[in-house]
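> Please see the structure below; I have some questions.
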Amino acid sequence: MSLKINELYKHFDLRGGRKAVLEGLDLQVEPGEIFALSGANGSGKTTLLKIIAALVLPTSGSVFSGGINVVDFPREARTGLVCDADSSFYRMLSVEENIRFFARLYGRPVDSAEKRTALLFDELGLNAHRKTTFAHLSSGMKQRLALARALLSEPRVLLIDEVSRSLDEESAANISSYIRNAVSKSDAACVAVTHDSSWAGKYADRAGVLVNGTIELIQ
Amino acid sequence: MNIILAFLLRDVSIEKTYRFHLALKLSGVAAQIAVFYFISRFLEKPQYFLYVFVGIMFSGFFQFWLNVFPENVRQEQYWGTFEPVFLSKNRPLAVILSSASGKFVLFVMEMTLLIAVGKFLFGSGFNLSLAGFIPLFVLNSLAVGGIGLISGSFIMYFKRGDPVNWVLGASFDLLSGVYFPVAVLPSILKGFSQKLPTTSALDLWRGLLIEGKIPSPHQFAVQAAWALVLLAAGAWAFSAAFDKTRVKGDLGNY
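So, in structure tokens, the structure goes:
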């Protein structure tokens with residue numbers, strides 16, 4: 001399913017006045033495509049991802065996924081978000097308990113959830129850590145778990161916020177290759193935020209920079 | 220059902236992790252029961268104690284529903300899981316309502332224990348007709364749960380400082396007749412107290428558990444109306460606060 005963003009504006013009302021973050025942003029990402037997005041700190045990259053995930057409301061504009069405007073939290077929309085992997089799980093629960101909770105919450109029937117989890121854990125090398133408490137996982141494993149959660153519901157749109165952050169070179173390459181293959185095999189449209197310009201060249205189909213609230217495409 | 224089961228099993232796993240906390244909680248209930256037992260032996264007027272016992276049961280019920288949603292919102296925000304739970308295909312209201320399922324089961328166990336203690340302490344003086352109590356319990360849960368949803372909405376938007384919880388938490392025991400009949404209040408407070416849904420609900424609990432009086436269809440209808448109004452108000456407040464918090468862009472902050 002393609003992701004289509006039209007005339008997206010986001011302004012925040014702050015104590016010092018109004019801050020414009022997105023200023024009429026347009027973007028289209030096709031199924032199976034990875035769009036790498038970079039930009040300075042505070043340029044609105046994470047805000048954009050959260051608007052697509054319907055966790056932040058835009059000031060105006062639309063975000064369509066497979067013909068559905070996702071900003072209104074429609075039940076049909078399926079978005080996988082990999083963001084804040086370090087702190088978006090139950091720290092006191094094991095890897096298995098965490099993923100089972102989210103699988104049930106995301107509405108997967110038990111049998112298919114178990115099969116999907118087994119497949120993702122196998123592919124992402126999480127099997128040996130099933131019983132490990134989340135708090136005791138390494139940063140790399142936390143990223144893998146966040147990716148497994150995002151892929152659980154076979155999303156139409158996959159959003160990734162700095163997947164290689166705090167990972168060593170080998171782990172970053174492994175997880176990035178996995179994302180590349182997973183997106184190519186599925187019909188998901190993927191937006192990946194990265195500060196690493198070489199990442200876009202290796203793993204993305206297209207790339208852009210968020211500047212002054214709009215995306216400037218990198219040729 | 221999947222979503223309710225998800226939160227229920229998650230809470231069981233969390234409680235298993237914090238076994239010491241669970242043990243302390245259970246000892247707290249045991250200590251409360253011991254206090255009730257000794258008061259019942261000490262007091263010459265067991266009827267008053269029975270009156271207060273039902274009042275305290277209802278107070279626990281009220282505090283549970285008033286606090287469960289704001290506590291859950293705050294806890295999920297603190298853990299960093301508040302945003303991921305809304306990435307499901309379920310409606311946000313269904314997510315927040317289901318998040319209470321684990322704590323609700325524990326609370327029902329606590330209530331069952333207190334009812335058993337009531338029966339042990341007061342014998343035939345403590346009546347329990349399940350046919351009357353269950354519908355009353357459900358209707359009152361919906362009503363007070365609606366107030367709890369409003370309280371949770373404040374926490375979601377303002378993060379700290381919830382006027383609903385502050386006002387109701389402090390004034391409930393005074394105005395709803397937990398320890399004394401509201402008839403003894405000064406007339407200005409009495410008039411206000413008698414209009415509160417909690418006062419009429421507690422009267423029905425006492426009538427049912429002490430005198431064995433099953434509420435009339437009219438009394439059930441009044442409780443159902445409160446349930447409908449307060450639950451609708453809670454649902455509206457939650458949806459409004461959810462959208463306003465998404466506009467601010469700080470759903471996951473605390």
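Residue numbers (this note's numbering), protein chains in the order written: chain U, 1 to 219; chain Z, 220 to 473.
Positions of the beta carbon are idealized from the N, C-alpha and C atoms, including for glycine.
Just to confirm the assignment, what range does the beta strand (DSSP E) spanning Z/Ile222 have?
Here residue 222 of chain Z is taken as the residue at index 3 of the second sequence, counted from 1. It is not in any beta strand (DSSP E) - Z/Ile222 instead sits in the alpha helix (DSSP H) that spans Asn221 to Thr236.
> Give me, in chain order, the residues of the same chain whose beta-carbon lies closer than 8 Å to that of Z/Asn309; leave out the 5 immediate sequence neighbours on both sides.
If you number the second sequence from 1, residue 309 of chain Z lands on position 90. The answer, listed in chain order, is Ile222 and Ser317.
> For the segment 296 to 315 of chain Z, list every residue whose C-beta sits within 8 Å of some C-beta in chain U, in sequence order.
Cβ contacts with chain U: Trp298, Gly299, Thr300, Glu302, Pro303, Val304, Phe305, Leu306, Ser307, Lys308, Asn309, Arg310, Pro311 and Val314.
> Straight-line CA distance for U/Leu120 to Z/Leu447?
Residue numbering aside, residue 120 of chain U sits at position 120 when the first sequence is read from its first letter. Residue numbering aside, residue 447 of chain Z sits at position 228 when the second sequence is read from its first letter. Taking the straight line joining both Cα atoms gives about 44 Å.
> Report the option in U/Arg100, U/Val82 and U/Tyr90 whose CA atom is closest to the CA atom of U/Ala135.
As a working mapping, residue 135 of chain U is identified with position 135 in the first sequence. Ranking the options by Cα distance to U/Ala135, first place goes to U/Tyr90.
> For Z/Ile222, return the contacting residues in chain U, with the cut-off set at a CB-CB distance below 8 Å.
On the second sequence, position 3 is the one that residue 222 of chain Z refers to. In chain order: Arg104, Leu105 and Gly107.
> For Z/Gly410, does the three-state DSSP call read helix, strand or coil?
As a first step, residue 410 of chain Z is located in the second sequence; it is residue number 191 there, counting from the start. Correct three-state label for Z/Gly410: helix.
> Counting C-beta neighbours from all protein chains within 10 Å, is the total for Z/Ile233 16 or more, i.e. buried, or is it exposed?
As a working note, residue 233 of chain Z is residue 14 in the second sequence. Classification of Z/Ile233: buried, given that the 10 Å Cβ count is 16 or more.
> By Cβ distance, which residues of its chain are closer than 7 Å to U/Ala150, with the 5 residues on each side in sequence left out?
Working through the first sequence from its first residue, we reach residue 150 of chain U at position 150. The residues are Gly80, Leu81, Val82 and Leu158.
> Put Z/His437 into one of helix, strand or coil per three-state DSSP.
If you number the second sequence from 1, residue 437 of chain Z lands on position 218. Z/His437 falls in the helix class under three-state DSSP.
> Of the choices U/Val183, U/His129, U/Lys115 and U/Ile99, whose alpha-carbon is the least far from that of U/Ala148?
Indexing the first sequence from 1 puts residue 148 of chain U at position 148. Residue U/Ile99 is the option with its Cα nearest to U/Ala148.
> Could you say which of U/Arg144, U/Trp199, U/Glu96 and U/Ala36 lies nearest to U/Cys190 if we only look at CA atoms?
On the first sequence, residue 190 of chain U is found 190 positions in, with the first residue counted as 1. With distances taken between Cα atoms, U/Cys190 lies closest to U/Ala36.
> Could you tell me which of Z/Asp381, Z/Trp284, Z/Ile353 and Z/Ala335 sits nearest to Z/Phe345, measuring between CA atoms?
Within the second sequence, numbered from 1, the residue matching residue 345 of chain Z stands at position 126. It is Z/Ala335.
> Have a look at Z/Phe323 and U/Gly208 and give me their C-alpha separation to the nearest angstrom.
The count along the second sequence starts at 1 and reaches residue 323 of chain Z at position 104. The count along the first sequence starts at 1 and reaches residue 208 of chain U at position 208. Each residue's alpha carbon lies about 49 Å from the other.
> Flag this pair as yes or no: are the beta carbons of Z/Phe272 and Z/Gly337 separated by less than 8 Å?
For the purposes of this step, residue 272 of chain Z is taken as residue 53 along the second sequence, with counting starting at 1. For the purposes of this step, residue 337 of chain Z is taken as residue 118 along the second sequence, with counting starting at 1. Result yes, Cβ atoms of Z/Phe272 and Z/Gly337 sit closer than 8 Å.
> With 8 Å set as the bound, which would you pick, yes or no: does the beta-carbon of U/Ser166 sit closer than that to a beta-carbon of chain Z?
Residue 166 of chain U sits at position 166 when you count from the first residue of the first sequence. Cβ-Cβ to chain Z under 8 Å: no for U/Ser166.
> Can you list the residues of chain Z that U/Leu57 reaches, using a CB-CB cut of under 7 Å?
To locate residue 57 of chain U, count along the first sequence from 1; it is residue 57. Residues of chain Z passing the Cβ test: Asp462, Arg465 and Val466.
> Quick one: give me the first and last residue of the beta strand (DSSP E) that U/Gly61 is part of.
Within the first sequence, numbered from 1, the residue matching residue 61 of chain U stands at position 61. It spans Ser60 to Ser65 - the beta strand (DSSP E) in which U/Gly61 sits, taken as one unbroken run.
> Got a sec: is the Cβ-Cβ distance from Z/Thr236 to anything in chain U below 8 Å?
Taking the first residue of the second sequence as 1, we reach residue 236 of chain Z at position 17. With 8 Å as the cut-off, Z/Thr236 counts as an interface residue toward chain U.
> Return the residue from the list Z/Leu325, Z/Gly367 and Z/Leu262 that minimises the CA-CA distance to Z/Val292.
As a working note, residue 292 of chain Z is residue 73 in the second sequence. Comparing Cα-Cα distances from Z/Val292 to each of Z/Leu325, Z/Gly367 and Z/Leu262, the minimum goes to Z/Gly367.
> Answer yes if the segment 31 to 45 of chain U comes into contact with the segment 94 to 113 of chain U, meaning at least three C-beta pairs across the two stretches below 8 Å, and no otherwise.
Flag = no, the segment 94 to 113 of chain U and the segment 31 to 45 of chain U do not touch.
> From the DSSP output, read off the bridge partner residues of U/Asn6.
Position 6 of the first sequence holds residue 6 of chain U. Looking at the DSSP assignment, U/Asn6 forms a beta bridge with U/Ser62.
> Note down, in chain order, all residues in the segment 162 to 193 of chain U with a beta-carbon under 9 Å from any beta-carbon belonging to chain Z.
Flagged: no residues at all.
> So is Z/Met375 buried or exposed if we call it buried at 16+ other beta carbons inside 10 Å?
Taking the first residue of the second sequence as position 1, residue 375 of chain Z is located at position 156. By the 10 Å Cβ count, Z/Met375 comes out buried.
> Could you name the residues of chain B that Z/Ile233 contacts, counting a contact when the two beta carbons are closer than 8 Å?
The displayed structure is made up of protein chains U and Z, and chain B is not among them.
> Does U/Asp72 come out as helix, strand or coil in the three-state DSSP assignment?
Taking the first sequence and counting its residues from 1, the one referred to as residue 72 of chain U is at position 72. Correct three-state label for U/Asp72: helix.
> Quick test of your reading: U/Gly230 and U/Ser184, contact by CB under 8 Å. State the CB separation rounded to the nearest angstrom.
Shown here, chain U extends from 1 to 219; a query on residue 230 of chain U therefore has no answer.
> Are the beta-carbon atoms of Z/Ser412 and Z/Val441 separated by less than 8 Å?
What you label residue 412 of chain Z is simply residue 193 of the second sequence in a count that begins at 1. What you label residue 441 of chain Z is simply residue 222 of the second sequence in a count that begins at 1. Not a contact, by the Cβ cut-off of 8 Å.
> In the DSSP assignment, find the alpha helix (DSSP H) that holds U/Thr194 and state where it starts and stops.
For the purposes of this step, residue 194 of chain U is identified with residue 194 of the first sequence, where counting begins at 1. Premise fails: U/Thr194 is in no alpha helix (DSSP H) and is neither H nor E.
> With 16 as the cutoff for other CB atoms within 10 Å, does Z/Val276 come out buried or exposed?
Walking along the second sequence from the start, residue 276 of chain Z turns up at place 57. What sits at residue 276 of chain Z in the sequence shown is Met, not Val. Burial call: buried.
> Residues of the segment 114 to 136 of chain U with a CB closer than 9 Å to any CB of chain Z: list them in chain order, please.
For the segment 114 to 136 of chain U, which is checked against every Cβ of chain Z, the residues closer than 9 Å are Thr133.
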